[in-house]
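Worksheet: the structure to be examined is printed underneath.
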Amino acid sequence: MAQEHLDLISNLPQDILQRIKSFLPLKEAVRTSLLSTQWMSLWSPTVVSHFDAGDGLTSAINAVKDSLEAVGTILRSYDSLEMHKLCFRFPEGDVTVIATKGVDRELHLNFLHSEKEEQKCYSPIRRELGNTSPPINSTNLSTLRTLHLRSVASVTEDFASSLLTNCRLLQSLKIERCGGLKRIAIEKNESLKSLMIADCLDIENVTVSATGLRSFVYKGLLTHIHMKNALNLVDVVLDLEGAFGRGDFDCEEVLSLLSSLKEVETLTTSGWLLEWLCSAGVIFGRLEFQLHKLKQLRWTDTLMDDAKRDSLACFLNICPILEKLFITIDPSRSRVIRPYFHQYWHEPHLWMDFPAVKSNVSKLKHLTLVEFFGFTIDGEDGLLSSLVDLLLEKTIVLKSITVKSHENVSWGFTKVPSKRPALKWWNYRRTAISLPRNFSFALIQGR
Amino acid sequence: MSSPSSSSSLSCPKKMITLKSSDGETFEIEEIAALQSKTLENMIDENCADTPIPLPNIEGKVLAKVVEFCTKHAEVGVDAESLRAWDDEFVNVEHNTVFDYILAANFLEIPTLLDLACRVVADMIKGKTPDEIRKIFNIKPSPEEEEEVRRENQWAFE
Chain F
64 MAQEHLDLIS
74 NLPQDILQRI
84 KSFLPLKEAV
94 RTSLLSTQWM
104 SLWSPTVVSH
114 FDAGDGLTSA
124 INAVKDSLEA
134 VGTILRSYDS
144 LEMHKLCFRF
154 PEGDVTVIAT
164 KGVDRELHLN
174 FLHSEKEEQK
184 CYSPIRRELG
194 NTSPPINSTN
204 LSTLRTLHLR
214 SVASVTEDFA
224 SSLLTNCRLL
234 QSLKIERCGG
244 LKRIAIEKNE
254 SLKSLMIADC
264 LDIENVTVSA
274 TGLRSFVYKG
284 LLTHIHMKNA
294 LNLVDVVLDL
304 EGAFGRGDFD
314 CEEVLSLLSS
324 LKEVETLTTS
334 GWLLEWLCSA
344 GVIFGRLEFQ
354 LHKLKQLRWT
364 DTLMDDAKRD
374 SLACFLNICP
384 ILEKLFITID
394 PSRSRVIRPY
404 FHQYWHEPHL
414 WMDFPAVKSN
424 VSKLKHLTLV
434 EFFGFTIDGE
444 DGLLSSLVDL
454 LLEKTIVLKS
464 ITVKSHENVS
474 WGFTKVPSKR
484 PALKWWNYRR
494 TAISLPRNFS
504 FALIQGR
Chain D
461 MSSPSSSSSL
471 SCPKKMITLK
481 SSDGETFEIE
491 EIAALQSKTL
501 ENMIDENCAD
511 TPIPLPNIEG
521 KVLAKVVEFC
531 TKHAEVGVDA
541 ESLRAWDDEF
551 VNVEHNTVFD
561 YILAANFLEI
571 PTLLDLACRV
581 VADMIKGKTP
591 DEIRKIFNIK
601 PSPEEEEEVR
611 RENQWAFE
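Line by line, the protein sequences give chains F and D. Okay, so the first sequence: first residue is 64 according to the numbering used here, each after it adds one. Okay, so the second sequence: first residue is 461 according to the numbering used here, each after it adds one.
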């Protein structure tokens, strides 16, 4: 019986396997190269081109120009997935760029550095990624829609930068793990719709002026982020692991960033950011702007405590039409310790007790759904129940509150017509835990 | 060569073509349906389609399904929605059979069937780890090269 199970797929003709691959998302298509020797050979012949950027500025400029033309040639057609290698020789070491081209006008550039580069010797040329060099004439580059840059180190920034300038109709850009990169500047761009910056450890400044931008994801340490003319932004994720080591936390700048996000509909933020703002005396309700289109808010942090809870409550005041709220605690994230603030934006308010905090929260007239993840019913020192209390008091059309623990045990509760004094929490195992609370909701069996 | 039946006859029979599978079975297919296949279309154009066409690469049971596919896709008045549903049902078979369809569609140059079957295979691969894919298709791994591929394309494995 086992003999009948032959490997029929690998024996299909190469062009058919290519066709099958072209129906896969680029990442998955690349993963198939692992399957066996035959599948690996599907990716070859990988064209290898060499560029010598060693002897001074002219040769460096020529290397950039030639390599861009090489990329242009690669982008000549999108019929099949291809992998190309571009090898740069710099005085600081060799860099190999693996360019993987997908059928959906997508290009992924993975920069691999030789040993020498690991010592991080920065080149004297400016360490910036953005619209810097003059455009070259290569129409093929403007056919690219999605560009993904990974591990661009300082020496290859000119190449990456020029690429960015020349891919004039780029719609989606992802910049990942680019250590040494200090600045990203995208200016006067009308075609970019989605931007993601992740894990660029040395980044100091991100300036984006892209009128068509709809989605912005930033993952890493908080840094100077300037969003200009971001009128079409719909979805923003600020997954912040902490504040930039050097310099103080600049309240004004963070508020200015928040203000530039005031048209978004979905926002994901790290809890500590709100906590720090409130510790610095910011009272969200007193700001000149509101997130007046925000429908969905995701709050994530390592843990929940009084200050975080109160700062979240304060933040809800500028989310007037919020419909869905997701609160997640994830202990695997690194803890961000709050510094002591000496000066206050408006006035300090985190010292207030919870009833006072609660009374300052305006009605959440549109909130229908709340999900807590990573909480347990009787844990969190009553923080969960105080939050639930607040939500119940301030909402009008709330339909469901769900609490899920890390072990995926979940409790849900809904309104019941009659009010009952004693409350029971039910989880999916049908065990009831009575808690003496006087909610006017009763918990029923969770999913 | 005689042209297809003129419209003056009362019941004009549609021109049929005979195909012969590798195991000697014969199948009739309407000329219109056969035009879905570029290979058969060329043969019809060159007037080689009057005698049974031998297809030594394709088994009887596969050829029967291919004829069914082409006939369905040559029908008029079928809306896209129901055709899609029919297609989904058509490829809802064991993956070995899907490969048979692919090879047949490749040989006969039927782009619609080829695309459909390839997409089905792609869907089988999507969302699965390399180990899972190997299991489904009985692919033998090659561990020596695996390490290097993983390193060079780390981004795809995260």
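C-beta: ideal position from N, C-alpha, C; glycine also.
query = For chain F, is any of its Cβ atoms less than 8 Å away from the one on ARG544(D)?
reply = no
Hey, could you find the ends of the beta strand (DSSP E) ASN471(F) is sitting in? Careful: ASN471(F) lies outside any beta strand (DSSP E) and carries neither H nor E.
**Report entry** Amino acids of chain D, ordered along the chain, whose beta-carbon sits closer than 7 Å to that of ARG94(F)
**Finding:** PRO590, ALA616 and PHE617
Give me whichever residues DSSP pairs with MET259(F) in a beta bridge. LYS237(F) and VAL280(F)
Beta-carbon separation of SER254(F) and MET290(F) under 8 Å?
no
Discussion item. Along the chain, where does the beta strand (DSSP E) containing HIS176(F) start, and where does it finish?
Written reply: 169–176
* Taking all protein chains shown into account, decide if ARG229(F) is buried (16 or more other Cβ within 10 angstroms of its Cβ) or exposed. => Sequence check: residue 229(F) is Asn here, not Arg. Label assigned to ASN229(F): buried.
Next on the checklist: In whole angstroms, give me the CA-to-CA distance for ASN502(D) and GLN496(D).
Outcome noted: 11 Å
Determine, for SER482(D), whether the minimum Cβ-Cβ distance to residues of chain F falls below 8 Å. no
Open item on the list: Quick check: PHE347(F) and PRO402(F), are their CB atoms within less than 8 Å of each other?
Closed with: no
**Prompt:** Quick one: is SER497(D) near chain F, going by C-beta distance under 8 Å?
**Reply:** no
Indicate whether at least one CB of chain F lies closer than 8 Å to the CB of ILE569(D).
-> Correcting the residue identity first, residue 569(D) is Glu in this sequence and not Ile. With 8 Å as the cut-off, GLU569(D) does not count as an interface residue toward chain F.
Q. Tell me the DSSP bridge mates of PRO514(D)?
A. LYS480(D)
Using beta carbons (cut-off 8 Å, strictly below), is VAL91(F) in contact with chain D? Residue identity check: residue 91(F) is Glu in the sequence provided, not Val. Cβ-Cβ to chain D under 8 Å: yes for GLU91(F).
Assuming ARG594(D) is part of the alpha helix (DSSP H), what are its boundary residues?
590–597
**Prompt:** Leaving out the 5 sequence neighbours to the left and right, which residues in its chain are closer than 7 Å to LEU450(F) when beta-carbon positions are compared?
**Reply:** ARG372
What in chain F is Cβ-close to LYS600(D), meaning under 7 Å? ASP70 and SER99
May I ask you to list, following chain order, the residues of the segment 161–173 of chain F that have a beta carbon less than 8 Å from some beta carbon of chain D? ILE161, THR163, HIS171 and ASN173
Can you give me the start and stop residues for the alpha helix (DSSP H) that LYS498(D) sits inside? 498–505
By the three-class DSSP mapping on this structure, what secondary structure does GLN569(F) have? Nothing can be reported for residue 569(F): it is not among the residues displayed for chain F, which extend from 64 to 510.
Report task. For the beta strand (DSSP E) holding ILE24(F), just list the boundary residues, first then last. Result -> Summary: the structure shown does not reach residue 24(F), with chain F confined to residues 64 through 510, and so no result is reported for it.
task: Could you check if TRP102(F) is buried or exposed, using at least 16 other CB atoms within 10 Å of its CB as the buried criterion?
output: buried
Find the residues of chain F that neighbour ASN552(D), judging by a C-beta separation of less than 8 Å, and give them in chain order.
-> The contacting residues do not exist; ASN552(D) stays about 18 Å from chain F at best.
Exercise. For chain F, find out if any of its Cβ atoms is closer than 8 Å to the Cβ of VAL581(D); answer yes or no.
Key: yes
CYS314(F) vs HIS412(F) beta-carbon contact at 8 Å: no
**Asked** Which parts of the segment 425–462 of chain F are runs of the beta strand (DSSP E), unbroken and 3 residues or longer, counting only runs that do not cross its ends?
**Response** 432–436
Three-state secondary structure (DSSP) at VAL327(F)? coil
Assuming LEU453(F) and ALA376(F) are in contact, meaning their beta carbons sit under 8 Å apart, how far apart are those beta carbons, in whole angstroms?
6 Å
Check your understanding: So which residues of chain D does MET103(F) contact, with C-beta pairs closer than 8 Å?
Key -> SER602, GLU605 and VAL609
Quick test of your reading: LEU172(F) and HIS211(F), contact by CB under 8 Å. State the CB separation rounded to the nearest angstrom. 7 Å
Using 8 Å for Cβ pairs, my map puts VAL317(F) next to TRP408(F). What's the rounded Cβ distance?
Their Cβ separation, rounded to whole angstroms, is 10 Å, which puts VAL317(F) and TRP408(F) out of contact at 8 Å.
Whole angstroms are fine: how far does the CA of GLN81(F) sit from the CA of THR329(F)? 38 Å
Residue range of the unbroken beta strand (DSSP E) whose run includes SER112(F): 110–115
I want to see whether chain D comes within less than 8 Å of ARG82(F), judged by CB atoms only; does it? yes
Per the contact definition of three or more C-beta pairs closer than 8 Å, is the segment 606–614 of chain D in contact with the segment 543–563 of chain D? no
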